[in-house]
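Taking it in order: structure first as structure tokens, then the write-up.
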Amino acid sequence: MLLREPPPTPADLHFKLFGFPVRVHPYFWLVTVLLGLNGKSTPPEQLVIWAIVLFVSILVHELGHAFMQRHFGGRPWITLYAMGGLASCDDCDRHTRSQVLISLAGPCAGFLLALIVVVAVRMAGHPLGFLGPWTQPTLESVGLVEASLLSTPLITIFWQPFESGNVNYLVRQLLWVNILWGCVNLLPIYPLDGGQVVRELCQIGRPRQGIILSLQISALCAGAMAILGLMSGELFVAFFFGYFAYMSYQTLKAYQTSVW
Ligand SMILES: [Zn+2]
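The numbering of the sequence shown is my numbering, which starts it at -14 and goes up by one.
Following this line, the structure appears as structure tokens:
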């Protein structure tokens, strides 16, 4: 998720992965460290693990988009910036079906990475399981003497902890970022992937009304998420979605007053 490409800087990191040019803007590292610190004294080794997790997870998400763009004949490139990434291409197939699949490929790549982590934990001999959203996890309910827990709004994941606290931290962050980031990206909100999917689907046969409808859906959903964030005391969530709600509303007003 990124609105548009940032201008190049001398501190950009450039490399190629699977034939895709990748550029990492210095703000990516800055925001990653700020998010990792999050107002508390995070141990340096955990900060490094966090930076690696975010780098790998966002890169995998963008690779999902890029591989699908290449599948439809495009030659994409990837940019990692302050709040995420972007897989761009000038020559991508613009048909609805291609665009929908390209948008969905990012979150799906993240879910696949989470699945690989789950399989790796189990292969390392550590039992791992899931609980539904309404189950209160206890050691008895998960059948383990001790357990590491990761609670997301939809699911709680538990596993037999590793001896190393850093390995537990790595597993927890990899699962958290890839599951939660994938789910958030699927919300029907601009400029998230789900918002792009809804725009493509709404525009079938009625481009102007479709884009207006998708912006209305985006503004409503982002507004609801911002209120949820406020009510649960998650100010970052409230700000994040409040900003998207405002942007969708502004774009909506511009479309409604424009003449096509
Ligand atoms: Zn995406």
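In this text, a Cβ means the ideal position worked out from N, Cα and C, and glycines have one as well.
beta-carbon residue i near ligand 2 non-hydrogen atom, thresh 7 Å
i: histidine 56; result: For ligand 2, the structure offers nothing, since it holds only ligand 1.
Residues sharing a beta bridge with residue i, DSSP
i: tyrosine 175; result: Its beta-bridge partners do not exist; DSSP assigns none.
i: tyrosine 66; result: Gly69
i: histidine 46; result: None; histidine 46 has no bridge partner.
i: histidine -1; result: Arg8
i: leucine 86; result: Answer by DSSP bridge pairing: none, since leucine 86 is not bridged.
i: leucine 116; result: Thr141
Residue j beta carbon less than 8 Å from that of residue i
i: glutamate -10; j: serine 73; result: yes
i: histidine 56; j: glycine 95; result: no
i: leucine 48; j: phenylalanine 3; result: yes
i: valine 102; j: leucine 160; result: yes
i: threonine 64; j: leucine 39; result: no
i: alanine 99; j: asparagine 151; result: no
i: alanine 211; j: serine 233; result: no
i: isoleucine 37; j: glycine 70; result: no
i: leucine 171; j: proline 92; result: yes
i: valine 7; j: lysine 1; result: yes
6 Å Cβ shell around residue i - same chain, five flanking residues per side excluded
i: leucine 155; result: Ile34
i: glutamine 235; result: none
i: glutamine 84; result: Glu185
i: proline 118; result: Leu139
Chain-order list of residues whose beta-carbon lies under 8 Å from that of residue i (same chain, five-residue window excluded)
i: valine 183; result: Pro173, Ser199, Ile202 and Ser203
i: lysine 238; result: none
i: proline 61; result: Phe5, His50, Ala51, Gln54, Arg55, Ala72, Ser73, Cys74 and Cys77
For residue j and residue i, believed in contact at Cβ under 8 Å, the rounded distance
i: leucine 134; j: threonine 123; result: Actually they do not touch by this definition, with Cβ atoms about 10 Å apart.
i: serine 88; j: glutamine 188; result: About 13 Å separates the two Cβ atoms, so there is no contact after all.
Beta-carbon proximity list for residue i, same chain, < 7 Å, skipping 5 on both sides
i: threonine 27; result: Gly21
Review point. Could you give the uninterrupted runs of the beta strand (DSSP E) lying entirely in the segment 127 to 156, keeping only those of 3 residues or more?
Key: 133 to 136 and 141 to 144
Check your understanding: At what residue ranges does the segment 157 to 224 contain a whole run of the beta strand (DSSP E), taking only runs of 3 or more?
Key -> none
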